[in-house]
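Enquirer: Count along the sequence shown starting at 1, add 7, and that's the number in my numbering. Backbone N, C-alpha and C fix where the C-beta goes; we use that ideal spot for every residue, glycine too. Quick one: the structure is below, questions incoming.
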Amino acid sequence: MKISLNNKSLKIQLFLILAGILLFLPGLGRVHLFDWDEINFAESAREMLVSGDYLNVQINFETFWEKPPLFIWMQAASMKIFGVNEFAARFPNVICGIVVLLVLFNIGKELKNSRFGILWAAMYVTSIIPFFYFKSGIIDPWFNLFIFLGIYFAIRITSPSKKGNPHWQAFWAAFFIGLAVLTKGPVGFLIFLLSFGVYFLIKRFKTDVKLSQLGIFTVVFMFIGGFWFILQLLNGNYTILKDFIEYQIRLFKTEDAGHGGFLLYHFVILLMGVFPASILALPSFKRAIFKSEKDEKVKDFLLWMMIVFWVVLILFTIVRTKIVHYSSMCYFPLTFLAAWYADKVLNNEFKIYKWMRILLIFIAALFGIAAFAITFFDKFKSLIIPYSDEFTQGNLQATANWMGFEWIFGVVLIVGTILFVYFYKKEEIKKAFIYLLSGSLIFVYGAMFFITPQVEKYSQLSAIEFYKSKQDEDCYIYPISKTYAHYFYSNRMPENKNADKLYLECGELEKPCYFVIKNTKSRIEEFVKETPDAVKLYDKNGFAFFVRQSKK
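Okay, here's the thing in C-alpha cells:
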C-alpha cells in the first residue's frame, strides 16, 4: 500500500481524517458500555491500571484466559489519558476507523484510481454495523484490520503487478497477522492460512512465492504473534496457555454462553447489517460478472476478496457459537465487492437490476419503519407487555425520554433509497449513489447518537445505575446471571472480589453483599429459598435488588 502524497490525494486523505473524527468521536460516551463484550474488555483494561499487572488479562482480578492483551493495552493506555470511562474504552476504535478509511482509500487508489478509493471507503463507512463498530469498545475492528492488512501484503506477493520487494511484503504480512493473533487469538492466523491455502488450490500452486519469503513470514509471525505467549512461558504461566487453547476449541464445538443461532445466521447478519453495500455486492457473486474484469491486478484482488469472504462466512457458519461480530471480517471484502460493482455501474458497464432496487427499498423500509415505530414505543408498548416474558415485562416498565424527532432518521433512509432509484432511472447515476449513501450515513449516525441511549433504558440501565451507586461502599456485589457490568460500574477493588456464591448467600459476611436478580417469579423464589435472610431493597425495570448485611 503506497501512501500517495500528491496534492489531490493529500487533500482527500486529510478530508477522510476529518470525516472520521466528526463521524466517530461525537457521542462516544453518550451511552453506557454494553454487556458482555464492551464491558468485559474495558474492565480488563481498568484492572490492569488498578493492579499494575500489564502482562496478564484479568477479570475480577483473576486471570482471564479468553483473550490476548493487545486491544486491552490500547484501552488501558486510553484510560490513562482520558480516565476510566466509556469514552476511553471506545476511543481506540475511533483511531481504527480513521485508519480504515485511509487504508481503503489508498488501496483502492492503487488498484484503480482515487474515485474507487473514495467509493470503497464510502461503502464501508455508510454501512450500518461497520459504522457502529467504530463507535464501540469491542476488539473486532482492530482484529479485522490487522488480518486484512496481513492478507493485503500477501496479495502483493502473488499479484501479477509484482510491485515492491516481496521479502518486505512477507515481513509486513507476518507482522500484521502476528498483531491479529496478539489481539484476539489464533483464529486470525487460521483465516489467513485458509485464505492463502484456497488461493493456492485455485492457482494449482502455480505462484511465485519463494521459500525465503515463507521463511521470513514464519520467523516474524512467530515472534510477533507469539510474543505474549512467550512471555507467559518465561514467567512459568503454563496453565493460562492450556486454558486459552481449550477455550478456542470450545468456541468451535459448543454454543458458548448460550450464543447459539440457526445455520444461516451470518448470511442474514451480513445482508441486513452491511446494508446498503451488501445489496450492491450481490451481483458480484455471479461467475460471469467476475470474468468481466479485464485488469489482471484488479481481477487477482477480486479473487482474493471472494476467497476471504467465503472462508470467513463458511468458517463461522460451522462454528457453533453465533455472535454478530464473528463474521465482521467479511465487511472488507463485501464492501470492496460493492465498490467494484458500483464503479462499473458509474462507468455504464453494469446496471442496478430491478430486483436490487426492490431489495434496497424493502430493507430501507424495514429499518426506517423500525426507527419510526420506536420513537412512539412508549405509547403502544402496553399492547406488547401481555405477550412478553416476565423479565421483558419488567424491562418495558422503563420510560425513555424521546425528543420526538428520532423518526426523521428512518424517513431519511427511506427517502434516500427512493431517490437513488429515481435518479438511477434518470441516468444520473453519480447523484443516485450520493443520495443512497448519504441517506444511510445520516440514518446510522442519528440512530447511534439519539436512539441507542433511549433503547438502553429498556435493557441494562437500572442495573448499571445500581452498580454505580455502590462505587464508594465497601461491599460485595453478586449478580445472579452472567455479567461484567458490576465490576466496571461499581469500581470493584481486589478486596471486594469475592465471588463465592455459597459464602455470599449463606456465610457469615464481614461486609454487606448486594444481589441483582432478573425479576422473574421462579428466579426470585429460588433465591429467597437459598438466601432467607436477604432483604429486598426494591425492583426496577426487570431487576430485583437484595442485600445481606454483615454478621459481624
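What three-state label does DSSP hand residue 306 in the structure shown?
Expert: For the purposes of this step, residue 306 is identified with residue 299 of the sequence shown, where counting begins at 1. The answer is helix: DSSP assigns residue 306 an H, G or I state.
Enquirer: In chain order, which continuous runs of the alpha helix (DSSP H) of length 4 or greater are located wholly inside the stretch 121-157?
Expert: Listed in chain order, the complete alpha helix (DSSP H) runs (minimum 4 residues) inside the stretch 121-157 are 121-132, 135-140.
Enquirer: Out of 297, 102, 198, 350, point me to the one whose CA is closest to residue 123's CA.
Expert: One-based indexing of the sequence shown puts residue 123 at position 116. The residue with the shortest Cα to Cα distance from residue 123 is 350.
Enquirer: So the candidates are 544, 546, 418, 243; which of them puts its Cα closest to the Cα of residue 375?
Expert: Walking along the sequence shown from the start, residue 375 turns up at place 368. The shortest Cα separation from residue 375 among 544, 546, 418, 243 belongs to 418.
Enquirer: When the Cα atoms are used, what is the spatial distance from residue 424 to residue 56?
Expert: Translated into the one-based positions of the sequence shown, residue 424 becomes position 417. Translated into the one-based positions of the sequence shown, residue 56 becomes position 49. Distance between the alpha carbons of residue 424 and residue 56 is about 47 Å.
Enquirer: Is DSSP giving residue 359 helix, strand or coil here?
Expert: To locate residue 359, count along the sequence shown from 1; it is residue 352. Of the three classes helix, strand and coil, the one that applies to residue 359 here is coil, per DSSP.
Enquirer: Report the rounded CA-to-CA distance for residue 52 versus residue 155, giving the unit in angstroms.
Expert: To locate residue 52, count along the sequence shown from 1; it is residue 45. To locate residue 155, count along the sequence shown from 1; it is residue 148. Computed Cα separation, rounded: 25 Å.
Enquirer: If contact is defined by three or more beta carbon pairs under 8 Å, each pair taking one atom from either stretch, is the stretch 105-117 in contact with the stretch 16-34?
Expert: The stretch 16-34, when compared against the stretch 105-117, does touch it at the 8 Å Cβ threshold.
Enquirer: Using 9 Å as the threshold, is the C-beta distance between residue 456 and residue 33 below it?
Expert: As a working note, residue 456 is residue 449 in the sequence shown. As a working note, residue 33 is residue 26 in the sequence shown. In contact: residue 456 and residue 33 (Cβ atoms closer than 9 Å).
Enquirer: Which two residues bound the contiguous alpha helix (DSSP H) that contains residue 199?
Expert: In the sequence shown, counting from the first residue as 1, residue 199 sits at position 192. 194-209 is the span of the alpha helix (DSSP H), which, as asked, contains residue 199.
Enquirer: Identify every residue that forms a DSSP beta bridge with residue 1.
Expert: Missing from the structure shown is residue 1; the chain here goes from 8 to 559 and no further.
Enquirer: Going along the chain, which unbroken runs of the alpha helix (DSSP H) with 4 or more residues stay wholly within the stretch 30-86?
Expert: Runs of the alpha helix (DSSP H) inside the stretch 30-86: 44-58.
Enquirer: Considering only residues of the same chain and omitting the five flanking positions on each side of residue 290, which have a CB-CB separation below 8 Å?
Expert: As a working note, residue 290 is residue 283 in the sequence shown. The answer, listed in chain order, is 296, 348, 357, 360, 363.
Enquirer: When the Cα atoms are used, what is the spatial distance from residue 367 to residue 283?
Expert: The residue you call residue 367 lines up with position 360 of the sequence shown. The residue you call residue 283 lines up with position 276 of the sequence shown. Going by the C-alpha atoms only, they are around 7 Å apart.
Enquirer: With distance defined between alpha-carbon atoms, name the residue in 492, 462, 459 nearest to residue 474.
Expert: Taking the first residue of the sequence shown as position 1, residue 474 is located at position 467. Comparing Cα-Cα distances from residue 474 to each of 492, 462, 459, the minimum goes to 492.
Enquirer: Please report how far the alpha carbon of residue 463 lies from the alpha carbon of residue 402, in whole angstroms.
Expert: For this step, residue 463 is matched to residue 456 along the sequence shown. For this step, residue 402 is matched to residue 395 along the sequence shown. Cα to Cα, the separation comes out at about 10 Å.
Enquirer: I need the straight-line Cα distance from residue 483 to residue 68, nearest angstrom please.
Expert: As a working note, residue 483 is residue 476 in the sequence shown. As a working note, residue 68 is residue 61 in the sequence shown. Whole-angstrom Cα-Cα distance: 14 Å.
Enquirer: Helix or strand or just coil, what does DSSP make of residue 542?
Expert: In the sequence shown, counting from the first residue as 1, residue 542 sits at position 535. Residue 542 falls in the strand class under three-state DSSP.
Enquirer: Since I believe residue 481 is in contact with residue 518 (beta carbons under 8 Å), could you give me their beta-carbon distance rounded to a whole number of angstroms?
Expert: On the sequence shown, residue 518 is found 511 positions in, with the first residue counted as 1. On the sequence shown, residue 481 is found 474 positions in, with the first residue counted as 1. So it is a contact: roughly 6 Å between Cβ atoms.
Enquirer: Roughly how many angstroms lie between the CA atoms of residue 513 and residue 555, to the nearest whole one?
Expert: Translated into the one-based positions of the sequence shown, residue 513 becomes position 506. Translated into the one-based positions of the sequence shown, residue 555 becomes position 548. Between residue 513 and residue 555, the C-alpha separation is close to 9 Å.
Enquirer: What residue from 465, 316, 26, 71 has the CA that sits closest to residue 251's CA?
Expert: As a working mapping, residue 251 is identified with position 244 in the sequence shown. Nearest option by C-alpha distance: 71.
Enquirer: With 16 as the cutoff for other CB atoms within 10 Å, does residue 137 come out buried or exposed?
Expert: For the purposes of this step, residue 137 is taken as residue 130 along the sequence shown, with counting starting at 1. Flag for residue 137 reads buried.
Enquirer: Once you ignore the five residues that flank residue 497 on each side, which residues in its own chain have a CB closer than 6 Å to its CB?
Expert: Start at 1 with the first residue of the sequence shown, and residue 497 comes out as number 490. If we look at residue 497 and ignore the five residues flanking it on each side, its Cβ neighbours are 474, 477, 478, 484.
Enquirer: Assign residue 81 to buried or exposed, taking buried as 16 or more other Cβ atoms, counted over all protein chains shown, within 10 Å of its Cβ.
Expert: Your numbering for residue 81 matches position 74 in the sequence shown. Residue 81 should be labelled buried.
Enquirer: Suppose contacts are defined by Cβ-Cβ distances below 9 Å. Is residue 39 in contact with residue 471 by that definition?
Expert: On the sequence shown, position 32 is the one that residue 39 refers to. On the sequence shown, position 464 is the one that residue 471 refers to. In contact: residue 39 and residue 471 (Cβ atoms closer than 9 Å).
Enquirer: If you run the structure through DSSP and keep just helix, strand and coil, what is residue 483?
Expert: Position 476 of the sequence shown holds residue 483. DSSP places residue 483 in strand when its eight states are reduced to three.
Enquirer: Return the first residue and the last residue of the alpha helix (DSSP H) that residue 402 is part of.
Expert: Taking the first residue of the sequence shown as 1, we reach residue 402 at position 395. Where residue 402 is concerned, the enclosing alpha helix (DSSP H) stretches over 397-402.
Enquirer: Which of helix, strand or coil does DSSP assign to residue 433?
Expert: For the purposes of this step, residue 433 is identified with residue 426 of the sequence shown, where counting begins at 1. Residue state, collapsed to three classes: coil.
Enquirer: Three or more C-beta pairs closer than 8 Å, one from the stretch 99-108 and one from the stretch 132-148: is that the case here?
Expert: Yes: the two stretches touch, three or more of their Cβ pairs being nearer than 8 Å.
Enquirer: Alpha carbons only, please: which of 35, 552, 508, 118 is nearest the one belonging to residue 302?
Expert: The count along the sequence shown starts at 1 and reaches residue 302 at position 295. Looking at the Cα atoms, 118 is the closest of the given residues.
Enquirer: Which whole-angstrom value is the C-beta distance of residue 369 and residue 414, which I expect to be below 8 Å?
Expert: Position 362 of the sequence shown, counted from the first residue, corresponds to residue 369. Position 407 of the sequence shown, counted from the first residue, corresponds to residue 414. No, residue 369 and residue 414 are not in contact; Cβ-Cβ is about 19 Å, not under 8 Å.
Enquirer: Bridge partners of residue 386, per DSSP?
Expert: Here residue 386 corresponds to residue number 379 of the sequence shown, with the count starting at 1. Residue 386 pairs with nothing; no bridge assigned.
Enquirer: What's the C-alpha gap between residue 287 and residue 278?
Expert: Sequence index remark: in the sequence shown, residue 287 carries index 280 (1-based). Sequence index remark: in the sequence shown, residue 278 carries index 271 (1-based). Cα-Cα distance, rounded: 10 Å.
Enquirer: Taking the straight line between their C-alpha atoms, what separation do you get for residue 6 and residue 175?
Expert: Residue numbering for the chain in the displayed model covers 8 to 559; residue 6 lies beyond these limits and cannot be assessed.
Enquirer: Do the stretch 383-395 and the stretch 156-174 meet, that is, are 3 or more Cβ pairs less than 8 Å apart?
Expert: As far as the Cβ criterion goes, the stretch 383-395 does not touch the stretch 156-174, which means the pair count is below three.
Enquirer: Whole angstroms are fine: how far does the CA of residue 445 sit from the CA of residue 325?
Expert: By one-based count along the sequence shown, residue 325 stands at place 318. By one-based count along the sequence shown, residue 445 stands at place 438. For residue 325 and residue 445, the distance between alpha carbons rounds to 36 Å.
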